[in-house]
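**Q**
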Amino acid sequence: MKKILIAAAVSVIASASPAFANTANTTVYAQISAQCDITSPGTTLVALSGATELGNIGIICNSAQGFTATAQSLHAGKLVDETNHSGTAYDYVLNVDGVGDVALDGTYNQVFGGNNGQFINGITLGSRINVTGATGPAYAGVYQDTISFSITAN
0 MKKILIAAAV SVIASASPAF ANTANTTVYA QISAQCDITS PGTTLVALSG
50 ATELGNIGII CNSAQGFTAT AQSLHAGKLV DETNHSGTAY DYVLNVDGVG
100 DVALDGTYNQ VFGGNNGQFI NGITLGSRIN VTGATGPAYA GVYQDTISFS
150 ITAN
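This is the structure we're talking about:
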């Protein structure tokens, strides 16, 4: 009798239809937008000989591939007489902490490598210009230049 009951139970289990499973997936994600910003000192009165502190350049960038910082002078690294009456100009060199002397007779690019956590929170680099000499007599006037700084994620 036991054998009959066991055989009947096995028969019922074997004849039952299998249960079908249904699976649904949910994808979750987060996104952090790229942020690369640079700030520069404002207008600064400089000495026409020797070095003058300009102030801090601020850099913040969260690109894991790093970034390229660019500096460019409107007058190719020269303080020029804005009235253009004298033809005199004063050559200068930009100096940035951690970078060194930068001649601005063309566009200067500095590539900073990726995975550098210090740039995520932002850093400041001191800057100064060193006026190296005049190309003519020291006529009265306002001698100036504009330095543009930019930053691009790599």
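Under numbering that gives the first Met the number 0, the first residue of the sequence shown carries the number 0, and numbering increases by one thereafter.
Don't be surprised by glycine CBs; every beta carbon is placed ideally from N, CA and C.
None of the values given here were measured: they were computed from a predicted structure.
Rounded to the nearest angstrom, how far is the Cβ of Leu103 from that of Gln71, given a contact under 8 Å?
**A** That belief holds up - the Cβ atoms of Leu103 and Gln71 are roughly 7 Å apart, short of 8 Å.
**Q** How far does the beta strand (DSSP E) with Phe19 in it extend, from its first residue to its last?
**A** No beta strand (DSSP E) contains Phe19, which DSSP labels as neither H nor E.
**Q** Work out the CA separation of Asn114 and Val130 for me, nearest whole Å.
**A** The straight-line gap from Cα to Cα measures roughly 36 Å.
**Q** Tell me which same chain residues have a C-beta within less than 6 Å of the C-beta of Gly54, skipping the five on either side of it?
**A** Answer for Gly54: Pro40, listed in chain order.
**Q** Roughly how many angstroms separate the alpha carbons of Val141 and Gln34, rounded to a whole number?
**A** When rounded, the distance between both Cα atoms is 37 Å.
**Q** Buried or exposed for Ser32, please, with buried defined as at least 16 other CB atoms from any protein chain shown within 10 angstroms of its CB.
**A** Ser32 comes out exposed.
**Q** Tell me Ser126's beta-bridge partners as DSSP assigns them.
**A** According to DSSP, which records beta bridges pairwise, Ser126 is partnered with Gly54, Val95.
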